[in-house]
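Residue numbers (full-length UniProt numbering): 1 to 319.
We treat Cβ as the ideally placed atom computed from N, Cα and C, and that holds for glycine.
These numbers were taken from a predicted model, which means no experiment stands behind them.
Below is one structure, written out as structure tokens; comments come after it.
If you want it as structure tokens, here you go:
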């Protein structure tokens with residue numbers, strides 16, 4: 001009798017274990033299915049946002065290159081430079097993100113080119129924000145000197161300096177990398193990640209120093225220009241004045257800079273949630289890398305009267 005009870009107990013126990021295992025497998029399947037839907041939805045949203053950005057980019061650059069007085073305005077020259085830079089950044093970032101998500105192997109030289117382009121264009125964004133804020137500061141605080149200071153020729157010089165300073169750390173980095181690895185390193189086919197191109201602590205030091213110094217200096221410039229512009233706006237005392245609008249524009253630049261600074265923490269987030277790293281990568285790319293760049297066409301394309309009027313005119317004429 002005791003043997004029968006034991007046998008029944010063992011059968012019941014094994015059946016219960018099988019039920020628990022089947023329920024666990026079903027729950028795990030449902031969780032994985034939900035995660036796939038979230039991942040797929042984020043992927044579609046990212047691609048749609050990229051296409052929408054390209055549409056805004058094409059429309060605004062079409063206005064810039066077809067309207068002469070816009071093409072010679074320092075403010076719009078800097079804005080066009082920002083759009084071109086942001087497009088390069090988002091394109092390089094999207095390619096890196098897709099290669100990482102789908103484990104696509106690419107030659108190391110192409111990988112390094114994408115990494116260098118992404119890092120350089122990331123640095124150029126705050127530099128351009130600082131230049132645009134200074135242009136608004138001169139326009140509001142020194143209106144009589146604005147035409148003298150902010151000429152088309154000087155704008156080209158400023159843009160050239162921005163690009164040289166943005167790419168300089170990567171020029172140093174490629175020399176350090178080339179001196180530290182064998183020639184076979186550049187013939188490898190890899191799943192492109194930033195960690196692969198960092199072989200010396202000096203590279204990390206240069207990268208961190210340039211990012212921190214750049215963001216700190218740009219932050220001080222934006223704060224200074226905002227305070228000065230808002231002081232002029234308060235003296236004028238009109239909420240709809242050009243000074244007040246310039247202050248709001250500088251504040252939006254500060255918000256863009258803040259998002260750029262927050263994006264530096266994406267690696268910490270990815271390392272802390274390894275179970276959902278694919279979803280976190282897409283969320284980081286969409287929120288912290290793309291969103292600050294998507295704001296640029298909205299700030300000028302919709303808020304700016306010149307661009308909005310020209311875009312409406314071109315659209316209505318085609319219609």
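Is the separation between the beta-carbon of residue 89 and that of residue 118 shorter than 8 Å?
yes
Indicate whether residue 186 and residue 108 have their beta-carbon atoms separated by less than 8 Å.
Yes, Cβ-Cβ distance for residue 186 and residue 108 is below 8 Å.
Check the C-beta distance from residue 42 over to residue 286 and give it rounded, since I have them as a contact under 8 Å.
7 Å
What's the call for residue 4, buried or exposed, on a 16-neighbour Cβ count within 10 Å?
Legend: pLDDT at residue 4 = 45, less than 50; position of this residue unreliable, value from coordinates given subsequently. Counting Cβ neighbours within 10 Å, residue 4 comes out exposed, since fewer than 16 surround it.
Would you please state the rounded distance, in angstroms, between the beta carbons of residue 125 and residue 86? I believe it to be under 8 Å.
That belief holds up - the Cβ atoms of residue 125 and residue 86 are roughly 7 Å apart, short of 8 Å.
Can you grab the Cα-Cα spacing for the pair residue 308 / residue 67, in whole Å?
Whole-angstrom Cα-Cα distance: 13 Å.
According to DSSP, simplified to helix, strand and coil, what is residue 190?
strand
DSSP three-state call for residue 106: helix, strand or coil?
Residue state, collapsed to three classes: strand.
Are residue 258 and residue 295 closer than 8 Å when you measure CB to CB?
no
How big is the Cα-Cα spacing for residue 235 and residue 112?
51 Å
Give a yes or no on contact between the region 182-199 and the region 144-159, applying the rule of three or more CB pairs nearer than 8 Å.
no
Over what stretch of residues does the alpha helix (DSSP H) that includes residue 170 continue unbroken?
152-180
Pick helix, strand or coil for residue 72, following the three-state DSSP scheme.
Residue 72 falls in the coil class under three-state DSSP.
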